[in-house]
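**Q** Take this structure first; my questions come after.
Protein chains in written order, with my numbering: chain A, 2 to 356; chain B, 2 to 356; chain C, 2 to 356; chain D, 2 to 356.
Take a look at the structure:
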């Protein structure tokens with residue numbers, strides 16, 4: 002059934018990379034991907050992905066190869082997924098493009114324009130000609146938003162998990178001019194631990210996370226905020242203030258964002274739901290709930306955002322509470338990367354995905 | 002060591018009642034409490050609390066008695082704790098007071114004034130002379146706030162779990178005139194499942210709650226909101242709008258509230274922390290964090306609220322994010338009831354409690 | 002891609018039935034199944050499966066129909082899945098067979114021979130001619146074991162979750178005459194809560210199960226033991242004693258069985274692994290680990306058993322510890338039912354399944 | 002109320018050491034303990050225990066001091082708790098004894114006789130005169146077993162968590178000659194993650210442990226087995242074989258051991274329970290259940306073992322299943338250390354403890 006399309010994954014030894022690999026392996030239109038070893042901490046010394054994730058063993062081999070541009074060319078690889086830290090992606094993407102590969106980068110390396118990057122990620126190359134050139138090529142990979150540009154992209158910057166949910170929830174309202182920009186939009190987001198990756202940090206031990214719940218980066222300190230603000234301004238014309246506070250949940254997967262929207266005018270719930278229904282009428286990966294709010298179990302293990310709304314009672318000025326949920330590893334990372342790939346390759350948008 | 006003070010607990014077969022019983026049993030100044038059976042679903046047919054909670058077995062008897070006012074008088078019981086649904090408390094409190102008992106009621110039955118109750122709880126007796134009389138006697142049992150009135154109270158209405166954390170976080174700011182009331186205060190609260198009691202609901206099954214997270218009563222529909230607004234107005238002079246959204250966490254215990262406060266003027270973090278330090282200088286059950294935010298593990302199994310603050314960056318108008326955490330069963334219910342009892346009996350405020 | 006094969010599911014409102022429905026909906030060779038409502042507690046009043054499982058909403062309709070044999074015939078349904086309590090299956094299977102349907106029954110109603118059933122399930126009809134007739138038709142649906150008989154079966158009795166894992170671990174050793182039957186085989190099994198179904202029991206509340214672990218039915222009191230012993234004797238010639246103790250884990254899915262096998266002679270680990278390698282050489286749903294032991298994460302969300310072995314050191318007589326893991330809802334229930342269906346319909350054994 | 006008894010804790014930055022510190026801080030008869038910093042990974046750079054465990058902050062200071070024998074003597078410290086890795090305890094105990102301190106060591110450094118240690122822990126000093134001398138002084142600290150020798154001990158070797166539960170369950174049967182030593186005793190034990198300490202291992206990340214369950218050290222490879230066998234032989238005269246398999250549970254605290262005992266003769270459940278009742282009649286930290294089995298929630302946060310028994314049905318030769326549960330950090334470590342301390346100091350055995 003495969004059409005001979007061949008891809009490679011660099012960074013399969015992290016949670017997002019593993020999820021990506023799993024989806025690629027059962028994708029009906031692709032060959033088995035080439036798995037590349039980055040040499041970082043997760044897979045040090047491993048020669049097969051099952052050395053890193055024993056749950057893969059007993060199911061055939063998943064050999065890990067060192068990255069070699071010429072070997073990739075010989076193997077006929079045309080598309081490269083990077084599930085690497087942003088510093089690594091920053092260094093690798095220009096090389097990959099130069100070798101004629103199309104790239105889907107899951108990191109934050111190419112999501113922002115130069116000036117924003119300078120403030121947030123402190124890349125040394127921010128003013129180089131190459132960086133400027135690659136930045137201009139990068140297409141922000143939210144297929145519900147700009148599928149047309151993704152189709153022909155050489156480089157797709159896969160969105161961050163938190164911005165994915167927030168943008169899908171806020172853009173229809175922003176585009177409709179419904180948000181009162183004189184009052185702040187407040188977003189409280191809660192994520193499962195795989196959102197933090199497979200890093201060895203004491204804060205991520207089971208003994209610390211189980212039965213706990215806490216905020217982090219409170220006070221607008223999270224790196225996803227500039228990405229979110231830039232996309233809201235660029236795609237929705239929104240220039241108001243945001244307050245974004247992420248929290249760590251004692252679950253493995255899933256992000257739920259409770260988004261408090263001051264409204265420019267009174268609308269009722271059916272009207273609000275109708276706005277989403279209209280915008281997402283042809284989007285297979287968006288579930289608009291009616292008279293209900295999403296929970297994590299609506300979305301985990303699926304490439305789906307679920308959105309619900311409530312009109313806020315007992316306040317003087319109109320407000321809406323919008324709740325959006327995704328699986329951080331799927332619609333928030335690997336699944337969205339596959340969705341982008343499908344668009345780039347002209348395949349059905351949900352091929353290989355469960356929405 | 003016991004001074005002969007004797008209490009009774011009605012409703013020990015629920016989570017709050019069990020927690021209350023456990024604290025009373027190791028309280029250094031009280032005799033073993035009389036445990037009363039309400040006859041509701043949890044303890045149907047039980048004659049000993051260990052029939053309901055097998056974890057108590059092997060440690061001696063916890064006999065359950067039917068409620069009898071004359072038996073309580075004969076046993077020398079002077080203080081009655083009600084860990085009962087609010088309808089039951091509504092019916093029982095007038096009787097208990099008439100029999101000369103002092104009462105600490107953990108339900109919502111007597112927390113609000115008549116008119117508010119009519120809207121929220123729909124009590125049939127709301128306009129009766131007795132209800133009016135008892136309502137006037139009821140003292141809202143937040144010891145950090147009005148310890149003086151609690152000391153002489155006949156009836157203490159123990160606060161709800163959500164309002165406890167929110168009031169301890171907001172009142173110092175409200176009293177200081179620091180909240181900009183033209184913008185809404187947004188509170189996202191997350192609670193462990195014991196906050197919902199030990200009721201048999203499908204939504205509370207492990208198979209539904211584990212690995213999940215969801216909001217409920219979004220849109221200002223939760224019953225604790227009127228209690229919170231009334232207390233903020235009464236004690237802090239705050240008349241602005243609130244947006245309160247509770248969430249259900251996959252943990253057993255603990256409430257964390259992320260409270261977004263629009264400020265009337267710019268203040269820095271040290272100043273904000275200093276306000277709390279001053280207000281709570283002599284309060285043994287309040288922990289003000291400096292440069293850190295609380296998490297559930299800071300507070301579970303303790304009669305303590307932990308409060309942290311962050312100034313919000315990158316917004317045009319000044320804002321503070323305040324996070325408050327409590328154990329819903331301890332400072333949010335049973336522990337606070339004991340703290341109130343200690344104040345009523347002239348004992349050290351933290352006797353029998355771990356703060 | 003669908004070939005027009007049409008199935009129906011009775012009992013989709015439980016955990017196993019939901020899992021079954023999900024797999025059928027994405028099965029490449031079947032039409033959308035007809036979902037039948039049983040009228041029991043889980044789905045009372047529901048007209049769409051999304052009324053029961055809100056996570057399905059936003060994804061199109063899942064209408065629930067009342068059971069009508071004539072309607073099923075008109076719709077061209079040829080295969081009926083029963084995810085019903087065993088009493089219901091006991092009553093329905095003879096009717097379904099009489100209406101020409103092939104049946105895969107996930108309950109325990111037809112797994113045992115008459116006499117055994119009398120002792121365990123206390124069916125009123127145990128001696129009736131119909132019951133005897135249907136019992137004779139029933140094929141025990143462990144495809145790795147007796148695929149040939151399943152292919153032509155009218156009625157497949159889908160095995161219990163605990164016996165599935167134990168049989169796949171023990172039968173290769175029993176058939177090889179490797180078990181010392183003078184010493185007992187001891188099995189400690191631990192299951193996630195979905196194994197207990199979606200029943201409203203206080204013992205299954207999150208507040209009771211989280212952070213807990215306990216045995217149940219200790220002392221060989223579990224109903225799966227006779228099923229396991231019967232299959233071990235029938236298929237493996239094993240007539241020794243078993244000690245089977247199930248435990249309840251604070252996880253949603255998965256069964257892990259630690260099986261202590263007294264050996265008739267000394268064998269080393271490689272030999273033991275080789276026995277499993279040989280027996281399961283062509284079985285796509287069995288993963289034999291080498292030098293490793295399975296954990297739940299090796300198997301959840303897959304139709305797979307993972308098996309590992311260790312030779313026991315420091316004991317006088319030879320022993321092996323074999324550990325087998327499955328997902329109780331997949332290989333232990335719905336996935337195995339689909340695997341059986343594939344065999345019955347002549348489809349590839351793993352069609353629609355992730356092994 | 003304190004009598005001036007002063008203790009010190011080395012290793013308070015691990016889970017057991019923190020639990021120990023918490024209990025000491027609320028112990029009615031001891032002064033606040035001196036907290037000593039070992040300089041290992043957990044507390045590197047910390048000067049206060051609240052730097053390591055933020056949940057302590059807001060509650061006053063917990064200064065950490067470098068270890069100095071002369072400073073301890075000047076402060077009047079008479080008793081030293083070591084919550085250190087066994088290599089560290091091995092080096093420190095001889096020095097501490099030489100400085101006149103009594104020591105309670107929570108590690109495995111002094112639990113075994115020389116020859117056994119050589120095989121298991123590979124200590125370099127195993128044949129030195131000092132090691133021999135200290136080994137002879139070490140008393141195995143199971144107070145229910147040998148309280149008399151503990152009272153006068155200079156050095157108490159606090160038992161391992163797994164052996165504590167197993168010994169309290171097995172010794173009454175072994176001493177009564179009830180175990181059939183020709184058949185193996187099989188123990189499947191499951192522990193919460195704090196049993197593995199606060200080490201940074203990928204296997205202990207929340208993302209790996211949550212929703213998982215697995216065995217480790219299968220095949221009698223766990224280091225606690227020689228400790229258990231030695232104590233069973235020494236104190237119970239038991240010389241049969243054991244099969245011990247530990248498992249990792251997705252919970253924070255608690256050990257449950259399912260112990261399969263082949264019996265030398267038939268006994269019924271009441272008789273078996275009666276044996277435990279008699280042996281533990283005066284033991285405040287042992288709960289013998291009647292007609293019930295313990296679960297983790299019976300014992301967590303308490304210094305208690307709970308024991309239940311079931312007679313195994315449907316086997317040819319008599320067998321008992323005994324289940325024992327403890328909190329690994331309390332009765333399995335810190336609480337038992339306090340219990341030993343109470344015995345050493347002539348205090349009530351349960352002072353400062355909740356049993």
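All C-beta atoms in this analysis are idealised placements derived from N, C-alpha and C, irrespective of residue type, glycine included. Note that this is a predicted model, so its numbers are computed, not measured.
Quick one: does residue 259 of chain C have its CB under 8 Å from some CB of chain D?
**A** One-based indexing of the third chain puts residue 259 of chain C at position 258. Chain D contact via Cβ: present.
**Q** Who are the Cβ neighbours of residue 97 of chain A in its own chain at under 7 Å, not counting the five residues just before and after it?
**A** For the purposes of this step, residue 97 of chain A is taken as residue 96 along the first chain, with counting starting at 1. Closer than 7 Å at Cβ, skipping near neighbours: 81 and 104.
**Q** Please name the residue in B:148, B:101, B:137 and B:87 whose C-alpha comes closest to that of residue 121 of chain B.
**A** What you label residue 121 of chain B is simply residue 120 of the second chain in a count that begins at 1. With distances taken between Cα atoms, residue 121 of chain B lies closest to B:87.
**Q** Looking at the structure shown, is residue 282 of chain A part of a helix, part of a strand, or coil, going by DSSP?
**A** Your numbering for residue 282 of chain A matches position 281 in the first chain. Coil at residue 282 of chain A, not helix or strand.
**Q** Should residue 333 of chain A and residue 224 of chain A be called a contact, given that it needs their Cβ atoms to be closer than 8 Å?
**A** By one-based count along the first chain, residue 333 of chain A stands at place 332. By one-based count along the first chain, residue 224 of chain A stands at place 223. No.
**Q** Quick one: does residue 206 of chain B have its CB under 8 Å from some CB of chain C?
**A** Stepping through the second chain from its first residue, residue 206 of chain B is reached at position 205. By this cut-off, residue 206 of chain B is an interface position.
**Q** Does DSSP classify residue 28 of chain B as helix, strand or coil?
**A** In the second chain, counting from the first residue as 1, residue 28 of chain B sits at position 27. Residue 28 of chain B: coil per DSSP, three-state reduction.
**Q** Select from B:29, B:56 and B:28 the residue whose C-alpha is nearest the C-alpha of residue 14 of chain B.
**A** Stepping through the second chain from its first residue, residue 14 of chain B is reached at position 13. Ranking B:29, B:56 and B:28 by Cα distance to residue 14 of chain B puts B:56 first.
**Q** Specify, as a first and last residue, the run of the beta strand (DSSP E) that residue 141 of chain C falls within.
**A** Taking the first residue of the third chain as position 1, residue 141 of chain C is located at position 140. Here the beta strand (DSSP E) through residue 141 of chain C covers 139 to 141.
**Q** Give the range of the beta strand (DSSP E) segment to which residue 91 of chain D is assigned.
**A** Looking up residue 91 of chain D in the fourth chain gives position 90. That residue, residue 91 of chain D, is in no beta strand (DSSP E); its alpha helix (DSSP H) goes 87 to 99.
**Q** Name the one or two DSSP bridge partners that residue 310 of chain A has.
**A** The residue labelled residue 310 of chain A in the question sits at position 309 within the first chain. In the DSSP output, where bridge partners are listed per residue, residue 310 of chain A has A:323.
**Q** Rounded to whole angstroms, what is the Cα-Cα separation between residue 42 of chain A and residue 199 of chain A?
**A** As a position in the first chain, residue 42 of chain A is number 41, starting the count at 1. As a position in the first chain, residue 199 of chain A is number 198, starting the count at 1. In this prediction, residue 42 of chain A has a pLDDT of 48, which is less than 50 and means its spatial position is unreliable; what the coordinates show is noted afterwards. Rounded to the nearest angstrom, the two C-alpha atoms are 10 Å apart.
**Q** Quick check: what's the CA-CA separation for residue 46 of chain A versus residue 54 of chain A?
**A** Numbered from 1 along the first chain, position 45 holds the residue referred to as residue 46 of chain A. Numbered from 1 along the first chain, position 53 holds the residue referred to as residue 54 of chain A. Each residue's alpha carbon lies about 13 Å from the other.
**Q** Between residue 356 of chain B and residue 304 of chain B, which are expected to be in contact by the criterion C-beta below 8 Å, what is the C-beta distance as a whole number of angstroms?
**A** The count along the second chain starts at 1 and reaches residue 356 of chain B at position 355. The count along the second chain starts at 1 and reaches residue 304 of chain B at position 303. At roughly 5 Å, the Cβ-Cβ gap stays under 8 Å, so residue 356 of chain B and residue 304 of chain B are in contact.
**Q** Helix, strand or coil for residue 185 of chain A? Go by DSSP, reduced to three states.
**A** Stepping through the first chain from its first residue, residue 185 of chain A is reached at position 184. DSSP places residue 185 of chain A in coil when its eight states are reduced to three.
**Q** Can you give me the start and stop residues for the beta strand (DSSP E) that residue 82 of chain B sits inside?
**A** Residue numbering aside, residue 82 of chain B sits at position 81 when the second chain is read from its first letter. Its beta strand (DSSP E) spans residues 80 to 83.
**Q** Compute the Euclidean distance between the alpha carbons of residue 328 of chain C and residue 193 of chain A, then round it to the nearest angstrom.
**A** By 1-based counting over the third chain, the position of residue 328 of chain C is 327. By 1-based counting over the first chain, the position of residue 193 of chain A is 192. Roughly 22 Å between the two C-alpha positions.
**Q** Can you grab the Cα-Cα spacing for the pair residue 23 of chain D / residue 263 of chain B, in whole Å?
**A** Here residue 23 of chain D refers to the residue found at position 22 of the fourth chain. Here residue 263 of chain B refers to the residue found at position 262 of the second chain. Rounded to whole angstroms, residue 23 of chain D to residue 263 of chain B spans 39 Å at the Cα level.
**Q** Pick out whichever of C:170, C:195, C:302 and C:161 has its Cα sitting closest to the Cα of residue 324 of chain C.
**A** Numbered from its first residue, the third chain carries residue 324 of chain C at position 323. Of the candidates C:170, C:195, C:302 and C:161, the one whose C-alpha sits nearest the C-alpha of residue 324 of chain C is C:170.
**Q** Do we get a CB-CB distance below 8 Å when we pair residue 58 of chain C with the residues of chain A?
**A** The residue you call residue 58 of chain C lines up with position 57 of the third chain. Chain A contact via Cβ: present.
**Q** Relative to chain A, which residues along the region 193 to 227 of chain C have a C-beta separation below 9 Å, given in chain order?
**A** For the region 193 to 227 of chain C, which is checked against every Cβ of chain A, the residues closer than 9 Å are 211 and 212.
**Q** Quick one: using the 10 Å Cβ neighbour count with 16 as the cut-off for buried, is residue 317 of chain D buried or exposed?
**A** Walking along the fourth chain from the start, residue 317 of chain D turns up at place 316. By the 10 Å Cβ count, residue 317 of chain D comes out exposed.
**Q** Can you tell me which of the three DSSP states residue 154 of chain C falls into?
**A** As a working note, residue 154 of chain C is residue 153 in the third chain. In the structure shown, residue 154 of chain C sits in coil (DSSP, three-state: anything other than H, G, I, E or B).
**Q** To the nearest angstrom, report how far apart residue 83 of chain B and residue 131 of chain B are at their CA atoms.
**A** Locating residue 83 of chain B in the second chain gives position 82, counting from the first residue. Locating residue 131 of chain B in the second chain gives position 130, counting from the first residue. So the two alpha carbons sit approximately 19 Å from each other.
**Q** Using a Cβ cut-off of 9 Å, pull out every chain D residue sitting near residue 298 of chain A, in sequence order please.
**A** The count along the first chain starts at 1 and reaches residue 298 of chain A at position 297. Simply none; closest approach about 13 Å.
**Q** Ignore the nearest five residues each way along the sequence and tell me which others in residue 210 of chain A's own chain have a CB closer than 8 Å to its CB.
**A** The count along the first chain starts at 1 and reaches residue 210 of chain A at position 209. Once the five neighbours on either side are set aside, the close Cβ partners of residue 210 of chain A are 194, 204, 249 and 251.
**Q** Indicate the three-state DSSP secondary structure (helix, strand or coil) for residue 19 of chain B in the structure shown.
**A** In the second chain, residue 19 of chain B corresponds to position 18, counting from 1. The answer is helix: DSSP assigns residue 19 of chain B an H, G or I state.
**Q** Between B:91, B:271 and B:247, which lies nearest to residue 260 of chain B when the distance is taken from Cα to Cα?
**A** For the purposes of this step, residue 260 of chain B is taken as the residue at position 259 of the second chain. The residue with the shortest Cα to Cα distance from residue 260 of chain B is B:247.
**Q** Cα-Cα, which of C:107, C:34, C:133 and C:106 is closest to residue 116 of chain C?
**A** For the purposes of this step, residue 116 of chain C is taken as the residue at position 115 of the third chain. The option with the nearest alpha carbon to residue 116 of chain C is C:133.
**Q** Closer than 6 Å by C-beta to residue 311 of chain A: which residues in its own chain qualify, once you throw out the five before and the five after it? Chain order, please.
**A** Here residue 311 of chain A refers to the residue found at position 310 when the first chain is read from its first residue. Around residue 311 of chain A: 322.
**Q** For residue 338 of chain B, which residues of its own chain have a beta-carbon under 7 Å away from its beta-carbon, when the five flanking residues on both sides are left out?
**A** Translated into the one-based positions of the second chain, residue 338 of chain B becomes position 337. Around residue 338 of chain B: 21, 82, 105, 107 and 159.
**Q** Is it true that the region 229 to 238 of chain A meets the region 290 to 298 of chain A, where meeting means three or more beta-carbon pairs spaced less than 8 Å apart?
**A** Verdict: no, contact absent.
**Q** If the cut is a Cβ gap below 9 Å, which residues of chain C does residue 10 of chain D touch?
**A** Sequence index remark: in the fourth chain, residue 10 of chain D carries index 9 (1-based). Ordered by position in chain C, no residue passes the 9 Å Cβ test against residue 10 of chain D, which lies about 26 Å from the chain.
**Q** Between which two residues does the beta strand (DSSP E) carrying residue 247 of chain B extend?
**A** Numbered from 1 along the second chain, position 246 holds the residue referred to as residue 247 of chain B. Counting along the chain, the beta strand (DSSP E) containing residue 247 of chain B begins and ends at 243 to 249.
**Q** Would residue 256 of chain A and residue 326 of chain A qualify as a contact pair, given that the criterion is a beta-carbon distance under 8 Å?
**A** The count along the first chain starts at 1 and reaches residue 256 of chain A at position 255. The count along the first chain starts at 1 and reaches residue 326 of chain A at position 325. Yes.
**Q** I'd like the list of long-range same chain contacts for residue 341 of chain D, defined as Cβ closer than 7 Å, with 5 residues on each side in sequence excluded.
**A** Looking up residue 341 of chain D in the fourth chain gives position 340. Excluding sequence neighbours, residue 341 of chain D sits near 105, 142, 144, 151, 157 and 159.
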